[in-house]
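Each residue of the sequence shown is one higher than the one before, counting from 1133 in my numbering.
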Amino acid sequence: MFKKLVKYPDLNEVEHTQELYFHLSKLELVAFGSSLERWKKQMMEVTKTMDFGAAVQVYREIVKSAIGLRSEDGSRFISTPEVKDDLMKSPAVDEMIYGFIMKPEEGFEFFEKLMPKDVQERFRTAAQSDPDLAALLDTSAPALEQDNRPGWEKEGRKPTTAEFAKMSPDEQKAAFAKLLVTK
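Here you go:
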């Protein structure tokens, strides 16, 4: 089991951090055997083709297979269909999947963390002999798309006076229009 902290803005542009838990047991991995290979191929294909719609579907399927809740005493992982469906509705899951699409290496890192440590080692070894997979796991690879939004917009806040002063007149108009829409 591993925990991933995800920051996301709510509908009121207030930033939150949510803990999401993921786990696949060795038996689940065996049961998912053909799915794991299919997911790997799908991830490689959507990364090559930059088919973002297909990427969202693949990542949603992977995330849903492994998402759940950690019991209060930490002894169990609760992943009933009801729990999974509820967690998948969280804006944190959307934000996390969006991050996987923008930075595929983060998606593969997530995929790798789903596996027990000994399986991760075999996955890494297999990746070294598979040039396509090795390229996707290369964390030095550039992201698919750069987020060029200004800091205030990424952070879901109003621009400071200094940030506003540095904007071009067109950027100021766009910022003002965006602030009017969010009120």
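Don't be surprised by glycine CBs; every beta carbon is placed ideally from N, CA and C.
Here residue 1149 carries a strand assignment [DSSP, helix/strand/coil]. The secondary-structure analysis by DSSP pairs residue 1199 across a beta bridge with 1154. Separation of residue 1305 and residue 1281 (C-alpha to C-alpha, rounded to the nearest whole angstrom) is 15 Å. If you draw a straight line from the Cα of residue 1238 to the Cα of residue 1223, it comes to about 18 Å. Around the Cβ of residue 1174, a 10 Å sphere holds 16 or more other Cβ atoms; the residue is buried. Judged by DSSP secondary structure, residue 1141 falls within the beta strand (DSSP E) whose first and last residues are 1134-1141. In this structure, the beta-carbon distance from residue 1149 to residue 1137 falls below 8 Å.
Closest by C-alpha distance to residue 1243, out of 1133, 1194, 1297 and 1147, is 1194. Close CB contacts of residue 1248 within its chain, under the 7 Å cut and outside five residues either way in sequence, are with 1158 (chain order). By the C-beta criterion, the region 1202-1216 is judged not to be in contact with the region 1182-1191, since fewer than 3 inter-stretch pairs fall below 8 Å.
Here residue 1215 has 1200 and 1201 as same chain residues with Cβ atoms under 7 Å from its own Cβ, once five neighbours each way along the sequence are excluded. For residue 1293, the enclosing alpha helix (DSSP H) starts and ends at 1293-1298. Pairing residue 1233 with residue 1225, the inter-Cα distance amounts to about 12 Å.
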